[in-house]
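For the sequence shown, the numbering used here begins at -8 and goes up steadily by one.
Note that CB positions come from ideal geometry on N, CA and C, so glycine has one too.
Because the structure is a prediction, the values reported are computed rather than measured.
Have a look at the structure below before the remarks.
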Amino acid sequence: MTTATFSTQRVDPYNPPAEHLRLQREAPVSQVPWRNDTTIWAITKHADVRTVLGDARFSSDRSLPGHPTFAGYTSASKLKNLIEMDPPEHTAQRVRIMGEFTVKKIGLMRPRIEEIVEETIDTMLASGNSADLVEALSLPVPSVVIAELLGVPFEDHALFQENSAMFVEADATPEERVAAMGALKQYIGGLVAARVEQPGDDILSRQLAAGASPEELTGIGFLLLIAGHETTANMISLCVATLLDKPELLQQLRDDPKLIPGAVEELLRYFTIAEIGGLRLATADLEVGGVVIPAGDSVFALCNTANRDPEVFPNPDVIDFTRGARNHVAFGFGPHQCLGQNLARLELEVVLEAVVRRIPTLRFDGSFDDISFKEWGPNYGVYTLPVAW
Ligand code: HEM
-8 MTTATFSTQR VDPYNPPAEH LRLQREAPVS QVPWRNDTTI WAITKHADVR
42 TVLGDARFSS DRSLPGHPTF AGYTSASKLK NLIEMDPPEH TAQRVRIMGE
92 FTVKKIGLMR PRIEEIVEET IDTMLASGNS ADLVEALSLP VPSVVIAELL
142 GVPFEDHALF QENSAMFVEA DATPEERVAA MGALKQYIGG LVAARVEQPG
192 DDILSRQLAA GASPEELTGI GFLLLIAGHE TTANMISLCV ATLLDKPELL
242 QQLRDDPKLI PGAVEELLRY FTIAEIGGLR LATADLEVGG VVIPAGDSVF
292 ALCNTANRDP EVFPNPDVID FTRGARNHVA FGFGPHQCLG QNLARLELEV
342 VLEAVVRRIP TLRFDGSFDD ISFKEWGPNY GVYTLPVAW
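Here's what the structure looks like:
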């Protein structure tokens, strides 16, 4: 065991920290040093991660004393939201909104998402021969999609996008970030109030009709935005960076675009970008992998490491688009499993298909080694991705 605080910092852009993989091999359920001189149980095997995430007695309620937090994750921790609730409170909200995110319902959005992606690529290509892909494609696509999902009128898209970009902006000060989030929350609150006055055929109106209070709904709207925006953007950038870095993988998708859904699934597994999705607090003595975790202890279910478990994914460090990796835990597992996963998959599929088809000359403007990765943060990704075509 290291004496330094257990860290999610990635050193190798393609792989989880070596220390986490070592724990998986040698001590898959073990106590490690955590922040402020405390300890946390690091859970690293796929089956054990699912045990923890599948049992709500491993609480997600961050308001409980002793619930583990993540340095730098100050933004969402002030919110009491779906992702930070336990049953039965969680179940009631989740059941009410789940129907909006089914494969079928999200599938209906495909034509519009295709249009958004085509238009965004048109604008990028018209801008010259090079761009930062993050700014030109990865961030705008999920931002416009979520804006439309929430029923943000077109004339407000700029305000919405500017503020959503600000809280993931690498150079933003904490004050700027807080101000941008305040503006968005206020904006979403205004949208909800407008639907109270005049309901329409949109997700917010349907949630109000189903019994959500305006405050609750403002919280959910905001959560959808923060949970679905940067995550999807990071995955778009990482997928494109990987394809440019490994031309044999890109060629596979060019030769057979039907591989794209499998490629998306495999890259979701491979990168597992939600670094802190698995922080929990044991509310009873609970057994995991033959070890009893006492009530009151902090637990960290490491999805990233679980997704490299060789017992579940043979040759886990190889990117294999034909693997059929649907049992990965990149979207978590159990009651809090990502609500937006069908939307994220669809956005990623549409973007990758369009990039592969439309920009055959796409290349790094620089090299893979110049990319600055979000090595340490709530979500893995890249800050900028300079490309040329
Ligand atoms: C590649 C993109 C995405 C990844 C990797 C991802 C990952 C995750 C993970 C790991 C969790 C579980 C957190 C936990 O157990 O505490 C989660 C929850 C959640 N995600 Fe995503 N997500 C993505 C995209 C989206 C999108 C597009 C949306 C919505 C539009 C969304 C909305 C949510 C919500 C609302 C929750 C909380 C669900 C609950 O607590 O019941 N996510 N996500």
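Arg271 places its beta carbon 9 angstroms or farther from that of Pro78. Within the segment 72 to 126, complete beta strand (DSSP E) segments of at least 3 residues are found at 121 to 123, given in chain order. Taking C-beta atoms as the reference points, Ile74 and Leu214 count as a pair closer than 9 angstroms. In this structure, Ser54 has its CB at a distance of at least 8 angstroms from all heavy atoms of ligand 1. For Glu207, the enclosing alpha helix (DSSP H) starts and ends at 205 to 236. Note on geometry: alpha-carbon atoms of Gly269 and Leu216 lie some 20 angstroms from one another.
Judged by DSSP secondary structure, Tyr374 falls outside any alpha helix (DSSP H) and instead within the beta strand (DSSP E) spanning 373 to 375.
Ser50 has Leu272 as its beta-bridge partners, per DSSP. Ala33: member of the beta strand (DSSP E) spanning 30 to 34, first to last residue. For ligand 1, a non-hydrogen atom lies closer than 8 angstroms to the CB of Gly268.
DSSP places Glu257 within a helical segment (H, G or I) once states are collapsed to three.
Within the chosen limit of 8 angstroms, ligand 1 does not reach the beta carbon of Ser(-2) with any heavy atom. Membership of Val347 in the alpha helix (DSSP H) is indicated by the continuous run 332 to 349. Sequence-distant partners of Leu240 (beyond 5 residues in either direction) whose C-beta falls short of 8 angstroms from its own C-beta, in its chain, are Thr233, Leu234, Ala254, Ile310, Phe312. Within a 10 Å sphere around the beta-carbon of Arg101 sit fewer than 16 other beta-carbons, which makes this residue exposed. Judged by the Cβ position, Phe158 fails to qualify as a neighbour of ligand 1 at the 8 angstroms threshold, every heavy atom of the ligand being at least this far.
The DSSP-derived three-state label of Leu195 is helix. Beta-bridge partners of Val283 (DSSP): Glu278. Under the DSSP assignment, Pro24 falls outside any alpha helix (DSSP H), being part of the beta strand (DSSP E) whose first and last residues are 20 to 24. The three-state secondary structure of Ala321, taken from DSSP, is coil. According to the DSSP secondary-structure assignment, Ser289 is paired through a beta bridge with Leu272.
Rounded to the nearest whole angstrom, the CA to CA distance from Glu206 to Arg197 is 15 angstroms. One alpha carbon belongs to Asp39, the other to Glu110, and they sit about 44 angstroms apart. Assignment of Phe262 by DSSP, reduced to helix, strand and coil, places it in the helix class.
Around the CB of Glu146, fewer than 16 other CB atoms lie within 10 Å, so the residue is classed as exposed.
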